[in-house]
Structure formats: C-alpha cells, structure tokens
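Presented below is the structure to which this report refers.
Residue numbers (UniProt numbering), protein chains in the order written: chain A, 1 to 304; chain B, 1 to 304.
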C-alpha cells in the first residue's frame with residue numbers, strides 16, 4: 001500500500017493507493033506549521049490512511065519548497081514555516097517505509113497525468129500563492145538541466161504591469177499569483193481572492209482590475225505552455241482556482257476575443273486545451289504516492 | 001553521401017556529408033523563387049556538391065514553410081513564392097535518392113544540436129523574417145501534439161507594443177522579426193535591419209526605438225525558452241542576427257540590467273546560455289542532411 005501526501009500551507013491531504021493506483025483511503029487535516037508541526041501533521045495523516053495492522057510500502061510527499069537534489073530534504077518552504085528540514089530523517093522514527101519527496105507542483109503534475117490516463121504531452125499549471133507549471137513530456141516529468149523547467153510564473157507579459165517579488169514588472173505571477181494579488185488588495189479578509197471576485201461582481205473598480213489581471217495572467221500562461229511545448233492539455237489547479245467558474249469564465253472570454261481577432265490564435269484552440277482541475281481532486285496526493293515509488297530522478301530519493 | 005539543403009528566401013546552401021557527419025562539400029547559390037525556380041535552384045545546388053560519378057544516398061531539405069505531415073510537400077512558403085509544392089514529386093525526375101523535407105527552423109535545430117556534439121536540452125531560436133524556435137529534448141526534436149512547439153514568436157510580451165500580423169499586440173515577432181521591424185522602418189533600403197543599427201549608432205530616435213525593441217524581443221524569447229524548458233543553451237541564428245555583435249551586445253545589456261534587479265533572474269544565467277550561431281554556420285544545411293536520413297517522424301517522409 002503506497003501512501004501519498006500533499007502538504008499544503010493550510011491542509012495535508014493523504015491518500016493510500018492500491019497496486020492499480022486506485023485510492024483506497026483518504027484523509028484531510030489541518031497543517032500545523034514549523035518543522036515539528038509539519039512532521040506531526042504528516043505522521044497523523046499517515047496514521048489516518050493506513051489501517052491498523054498494515055504498513056505503508058512507500059511514502060511520497062509533495063511539498064511547496066525546494067527539494068535538495070538526491071535527498072528527502074526540503075528548503076525554503078515559506079508557507080510551512082520551514083527553512084531547512086530533512087524530512088526523511090525526521091520521519092524515520094515513525095515508519096520503516098522508504099520516503100521520497102518532491103516539489104508539490106511537480107507531484108501534482110504526475111497525479112493529474114495519471115488521472116487523465118497518461119498519454120499526451122500535458123502541462124499542469126498551479127495558480128496558488130505563487131505560479132508555476134509542471135510538464136509531462138514523453139511520459140515523464142520534464143525537469144530540464146537545472147530543475148527549473150515550468151517556472152513560467154516569472155515570464156513578464158506586461159512591462160507596465162505590477163512589480164513582481166522577483167524584481168521584474170508584469171510577471172504572470174504578479175498578475176495572477178494569490179500572494180501578489182492579495183498584497184495589492186486594499187481590504188482585509190480571510191479569503192482575499194474570493195472577496196475580490198465578489199466585489200468585482202458588485203462593480204467595484206479596484207476588484208474588477210485585479211480580477212481582470214488574474215484572467216490575463218492565466219490566459220498568458222496557457223498561451224506560453226501551448227506555444228512553447230504544444231501540450232495537448234493544460235490542467236489548471238491551485239488555491240486561486242477555488243473561486244471556480246468565475247475565474248475560468250473570465251479566461252475563456254479572453255480566448256474568445258483573441259480567436260475573433262486572430263485566425264492563428266483560433267487555430268491553437270486554447271479553450272479546448274484548458275482543463276480546470278475539479279475541486280477536491282486527489283491529483284496532488286496521488287502524484288505524491290507515485291513519487292514514492294518512482295525510479296530515482298534527481299530530487300526524489302529514498303532516505304537512509 | 002548524404003546531401004542537405006537549406007533553401008532560404010535569398011540563397012540555397014547545400015552540403016554533402018560523409019558517414020561521420022563531416023561536411024565534405026559545400027555550395028551557396030542564389031535562390032530563384034516560384035515553384036519552378038526553387039526546384040531548379042535545388043537541382044543546381046545538388047549538382048554542385050555531388051561529384052561526377054557519385055550519387056547522393058539521401059537528400060534532406062529545410063524550407064521555410066509548412067510541411068504537410070507524412071509527405072515531402074511544402075505549403076505557404078511565402079518568401080519562396082510557393083503556395084503548395086510536392087517537392088518529392090518535383091525532384092523525382094532528377095534523382096533516385098530518397099527525399100525528406102522539414103521546416104527550416106526545425107532542420108537548423110537538428111544541425112545546431114549536432115554541431116554542439118549532441119547532449120543537453122537545447123533550443124534554437126531563429127530571428128529571421130519571422131521568429132520561431134526549435135527544441136531538442138532527450139536527443140530528439142520536440143514537435144508537440146500538433147507540430148507547433150516552438151512557435152514562441154507569437155507570445156505577446158507587451159500589450160502596448162506594436163500590432164503583430166497574427167492579430168495580437170507586442171508579440172516577440174512583432175518586436176524582433178525582420179519582416180515586422182522592416183515594415184515599421186520608414187526609410188527605403190535593401191538591408192533595413194543593418195540600416196536601423198547604423199542609424200541608431202548615429203543617435204537616430206526612430207532607429208534607437210526599433211533597435212531596442214529587437215533586443216527586448218530576443219531577450220524575452222531566451223527567457224521564455226529557459227523558464228518553460230530549462231534548456232542549457234539557446235542557440236540564436238537567422239537573418240536578423242547578420243548584424244552581429246551589436247545585436248547580441250544589446251541583449252546582453254538587458255540581461256545584465258535584469259541580473260542587477262533580480263537575484264532570481266541572475267540565478268538563471270541567461271547570458272551564459274545564449275549562443276550566437278556563427279555567421280556562415282552550416283547548421284541549417286547540416287540539419288537538413290540529418291533530416292534526409294532520419295527515422296520517419298510526422299512531417300519528414302520519403303517520397304514515392
């Protein structure tokens with residue numbers, strides 16, 4: 001029984017997966033932050049999906065940070081309050097199963113690809129606090145020479161756009177990343193993205209501008225992934241997409257306007273290639289379970 | 001003896017290549033346009049590189065147009081005055097060798113990769129009349145599901161930029177494609193791009209703006225290829241690069257400014273990854289020779 005965990009800033013989603021990759025148990029619980037909190041959350045989640053008397057054959061973890069190549073160590077997981085943590089070593093006292101870890105977006109890419117039944121060239125576009133994509137080409141995750149393939153959030157698409165934390169202006173992430181958008185929104189609230197969509201529905205000018213920027217950023221990301229790699233599908237998930245239909249309707253409206261202006265863009269069928277990841281999709285946790293049993297690419301290695 | 005031909009709008013470059021892929025003969029001649037002219041130019045060029053008494057074992061042709069998948073037929077080769085031409089059938093009376101054809105940018109990508117000794121993930125960025133890239137990933141040309149991978153010329157990077165023939169504003173091609181830039185240059189001349197660089201050197205405001213746009217477009221294309229695919233090298237060629245050092249110096253200045261503003265961009269080492277293709281490089285013709293003996297991917301098939 002393979003276990004996969006998607007460790008997010010707010011929740012841990014754990015799945016237990018059978019030999020045929022079907023999900024046999026599932027749990028969601030709140031993430032406690034900091035190194036100790038994250039380790040405790042992971043142990044609790046594993047306990048919830050592995051029945052008494054069973055043991056996990058492998059554990060895979062998707063986590064929003066940088067994975068030190070060839071280790072089960074994560075760095076700069078800012079949303080989790082982790083600077084540097086050897087997850088393999090920290091979890092070893094609790095389980096005998098081999099542990100592999102992977103960046104959360106890359107794990108979700110593997111999971112989304114498996115849920116689509118494998119096959120075609122595919123991108124997974126994550127619109128969360130930050131924005132990044134994963135690419136499945138020829139049945140494997142395309143990492144590139146330095147593991148940065150898919151870091152398209154920092155492509156500038158408007159020199160007159162908002163300043164990005166990376167130093168550029170008008171990056172895709174500055175326009176549609178949840179962190180950047182929430183920072184520019186002037187009103188407090190626990191769910192700033194949802195508040196922006198609601199205020200925009202009521203005609204609020206500031207909210208309308210931010211909402212238009214989100215759609216502009218996502219449309220550009222889809223365009224970039226199709227023009228560069230001709231992927232057959234761009235699956236889109238991440239925290240910002242929790243606002244649902246309103247977001248995708250805005251993006252579709254951009255594609256429709258473009259298609260009217262440009263036979264070339266119409267021929268690329270961006271709308272057909274865009275696939276919203278359903279709410280509560282197990283893609284990220286399932287992908288983590290697949291990481292757990294993967295051959296050992298750079299960045300995903302058994303501990304010990 | 002393999003023969004490769006790069007059929008450009010102004011010249012045909014032919015090479016004969018030995019079994020170890022070394023170039024044993026080379027010829028350059030002016031392209032005659034129109035279907036008959038192109039066929040005659042190709043036949044003349046083959047004659048010049050294949051010694052009397054020898055026969056070509058294969059002929060590969062790189063041509064700036066759309067290749068009908070699975071055929072040796074080219075369409076919409078606008079610069080050659082060709083709407084639709086079955087090159088395989090047209091050349092059959094002149095040679096018994098199998099003929100394969102490929103889009104010129106894709107052929108040049110194969111050639112540039114071979115000249116670098118194979119290996120790493122690489123992009124070839126062609127800044128000609130139009131702008132497009134080819135991607136070598138895992139030792140093969142990455143075409144994507146519909147053969148459009150690398151069409152990054154039509155990524156918009158500035159909504160306030162010049163209108164592109166594709167209908168968008170501020171496309172990479174609208175900024176740095178030779179055709180688009182020459183159209184916006186108000187003064188007549190046989191070598192508009194060179195004239196623009198010369199006028200800019202003298203402080204001409206219109207020329208300075210166009211020249212800055214060329215550098216902006218090329219820098220964005222390099223950024224896009226690195227962020228999306230993490231290629232180790234972006235080899236840059238094409239007609240516009242004939243202005244040489246001045247162009248690459250401008251692009252390097254952009255990368256230097258960026259690196260000062262952004263540790264993230266500095267870490268990507270765009271400057272190190274950018275490799276100007278030397279003037280008179282045989283990359284395109286050599287790549288065409290390799291197309292001639294390639295396994296049969298979509299878009300490159302023996303005639304007959």
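For each residue, glycine too, the CB sits at the ideal point set by N, CA and C.
Completely contained beta strand (DSSP E) runs for the stretch 150–233 of chain A, where each covers 3 or more residues
none
Span of the alpha helix (DSSP H), counted from its first residue to its last, around residue 113/B
104–115
Distance check for residue 294/A and residue 54/A, CA to CA, integer angstroms please.
21 Å
Best match in 154/B, 137/B, 110/B and 128/B for proximity to residue 121/B [C-alpha to C-alpha]:
137/B
Please go through the same chain and pick out, in chain order, the residues whose beta-carbon is closer than 6 Å to the beta-carbon of residue 207/B, but skip the five residues on each side of it.
196, 199 and 200
Quick check: the Cα distance between residue 166/A and residue 268/B, rounded to an integer number of angstroms?
12 Å
Residues in the stretch 144–159 of chain A with C-beta within 8 Å of chain B's C-beta atoms, listed in sequence order?
144, 145, 146, 147, 148, 149, 150, 151, 152, 154, 155, 156, 157, 158 and 159
Spatial neighbours of residue 288/A in its chain, beta-carbon cut-off 6 Å, leaving aside the 5 residues before and after
4, 5, 6, 60, 61, 62 and 107
Quick one: is residue 360/A buried, meaning 16 or more other Cβ sit within 10 Å of its Cβ, or exposed?
For residue 360/A there is no data in the structure shown, the boundaries of chain A being 1 and 304.
Does residue 264/B get closer than 8 Å to chain A when you measure Cβ to Cβ?
yes
Output, in sequence order along the chain, the residues in the stretch 187–206 of chain B whose CB is closer than 7 Å to any CB in chain A.
none
Residue from 94/A, 68/A and 111/A with nearest C-alpha to residue 85/A
68/A
Give me, in chain order, the residues of the same chain whose beta-carbon lies closer than 8 Å to that of residue 225/A; leave out the 5 immediate sequence neighbours on both sides.
123, 125, 133, 135, 152, 231 and 234
Which bits of chain A does residue 231/B rub up against, with CB to CB less than 9 Å?
144, 145 and 149
Comparing the C-beta of residue 168/B with each C-beta of chain A, is any distance below 8 Å?
yes
Count Cβ pairs between the stretch 250–260 of chain A and the stretch 215–224 of chain A that sit closer than 8 Å; are there 3 or more?
yes
Report buried or exposed for residue 15/B, applying the criterion of at least 16 other Cβ atoms within 10 angstroms of its Cβ.
buried
Should residue 24/B be labelled buried (16 or more other beta-carbon atoms within 10 Å of its own) or exposed?
exposed
From residue 33/A to residue 8/A, what does the alpha carbon distance come to, in whole angstroms?
10 Å
Opening and closing residue of the alpha helix (DSSP H) in which residue 263/A lies:
263–267
Kindly indicate the opening and closing residues of the beta strand (DSSP E) around residue 47/A.
Careful: residue 47/A lies outside any beta strand (DSSP E), inside the alpha helix (DSSP H) at 34–49.
Among 110/A, 228/A and 29/A, whose alpha-carbon lies nearest the alpha-carbon of residue 145/B?
228/A
Following the continuous alpha helix (DSSP H) through residue 143/A, name the residue where it begins and the one where it ends.
From DSSP, residue 143/A is part of no alpha helix (DSSP H); its letter is neither H nor E.
Please report the residue range of the alpha helix (DSSP H) in which residue 291/A lies.
283–292
Using a Cβ-Cβ cut-off of 8 Å, state whether residue 138/B counts as contacting chain A.
yes
If we cut at 8 Å on Cβ distances, does residue 272/A have a partner in chain B?
no
Counting only C-beta atoms, is residue 224/B closer than 8 Å to chain A at any point?
yes
Would you check if the distance between the CB atom of residue 180/B and the CB atom of residue 162/B is smaller than 8 Å?
yes
Please check if any C-beta of chain B sits within less than 8 Å of the C-beta of residue 212/A.
no
Determine whether the beta carbon atoms of residue 139/A and residue 118/A lie at a separation below 8 Å.
yes
Please state whether DSSP places residue 29/A in a helix, a strand or coil.
strand
Have a look at residue 47/A and residue 282/A and give me their C-alpha separation to the nearest angstrom.
18 Å
Hey, would you say residue 157/B sits closer than 8 Å to residue 262/A, going by beta carbons?
no
Quick check: what's the CA-CA separation for residue 28/A versus residue 244/A?
20 Å
With 8 Å set as the bound, which would you pick, yes or no: does the beta-carbon of residue 120/B sit closer than that to a beta-carbon of chain A?
yes
Measure the C-alpha to C-alpha separation of residue 115/B and residue 66/B and round it to an integer number of angstroms.
25 Å
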